[in-house]
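The numbering of the sequence shown is our numbering, which starts it at 2 and goes up by one. The beta carbon of each residue, even a glycine, is placed where N, CA and C say it ideally should be. The structure appears right after this line, and notes come after that.
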Amino acid sequence: PLIIPSFLSLIRKSEFPEISFVALRTLTLLVKKYQNYFTKGKLNIRYFFCLYEDPSYVKAEKLEIIVSLTNPTNVVTVLNEFEEYLGNVDIVFVQKTIHCLGKIALKVQASSRRIVDILVNQLSQHETSYVIEAAILVFADLFRIFPGEFESVISQILSHIDLIKDPTSRAVVVWMLGQYSPFISNVD
2 PLIIPSFLSL IRKSEFPEIS FVALRTLTLL VKKYQNYFTK GKLNIRYFFC
52 LYEDPSYVKA EKLEIIVSLT NPTNVVTVLN EFEEYLGNVD IVFVQKTIHC
102 LGKIALKVQA SSRRIVDILV NQLSQHETSY VIEAAILVFA DLFRIFPGEF
152 ESVISQILSH IDLIKDPTSR AVVVWMLGQY SPFISNVD
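Below you can see the structure in the form of structure tokens.
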């Protein structure tokens with residue numbers, strides 16, 4: 002734990018993203034080994050927020066650390082930051098952010114309603130296949146973990162069915178149609 006400030010300095014101050022990436026990978030291992038140190042509020046989660054100029058591989062590693070460190074006390078800050086990330090132009094980063102939102106909903110269950118609202122808002126604002134496909138995968142997990150809680154958004158999700166091209170997402174849609182047919186008008 003005494004070496005952590007050095008790694009944080011490498012992440013923020015390094016002019017080479019490769020060095021930041023190695024420091025982040027090492028911190029990921031430390032977060033797993035010393036979870037108590039990181040979760041007791043001794044480390045500000047904002048250190049790991051993504052910068053616009055970060056390469057995608059650095060952003061992906063930061064997202065994983067943020068998910069690991071998210072708890073009920075900092076979940077609002079994390080969700081606000083992730084909501085900003087959803088407007089990014091990097092398609093893979095946006096998809097990864099959506100998947101991380103799903104992980105947070107499962108980890109901090111009190112945040113699940115807000116996450117569903119964020120995802121439904123994204124579906125209505127960004128009618129792009131990559132957002133819809135990633136969100137559908139997250140919704141499938143949420144429907145399974147929280148039965149009877151979020152079925153009211155199924156019709157909003159399925160209104161974008163024509164944009165779904167990914168086979169996994171299409172399979173989830175078929176599952177939703179079969180599982181929640183009483184909630185869906187014109188299911189055929």
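State the Cα-Cα distance for the pair residue i and residue j, rounded to the nearest angstrom.
i: LEU124; j: HIS161; result: 8 Å
i: PRO56; j: VAL76; result: 25 Å
i: TRP176; j: ASN81; result: 31 Å
i: GLY179; j: ILE116; result: 24 Å
i: GLU84; j: LYS104; result: 15 Å
i: ASP91; j: SER186; result: 35 Å
i: ASN45; j: ILE12; result: 14 Å
For residue i, collect the residues of the same chain with a Cβ closer than 7 Å to its Cβ; drop the 5 residues on either side in sequence, then sort them by chain order.
i: GLN96; result: TYR131 and ALA135
i: ILE133; result: LEU124, HIS161, LEU164 and ILE165
i: ILE158; result: LEU124, ILE137 and PHE140
i: ARG26; result: GLU62
Under 8 Å Cβ to Cβ from residue i, same chain only, skipping five residues before and after it: list those, please.
i: SER15; result: SER21 and ALA24
Drop a sphere of 10 angstroms on the beta-carbon of residue i, count the other beta-carbons inside from all chains shown, and report buried for 16 or more, exposed for fewer.
i: TYR38; result: exposed
i: THR74; result: exposed
i: LEU30; result: exposed
i: PHE17; result: exposed
i: ILE219; result: Past the edges of the chain, shown from 2 to 189, lies residue 219, and the structure says nothing about it.
i: SER156; result: exposed
i: TYR240; result: The requested residue 240 is not part of the displayed model; the chain covers only 2 to 189.
Report yes if the C-beta distance between residue i and residue j is below 9 Å; otherwise report no.
i: GLU150; j: PHE184; result: no
i: VAL32; j: ASN72; result: no
Quick one: what's got a C-beta closer than 6 Å to residue i's C-beta in the same chain, skipping five residues either side?
i: CYS51; result: LYS60 and LYS63
My parser needs the alpha helix (DSSP H) runs of 4 or more residues fully inside the region 13-51; what are they?
18-34 and 36-40
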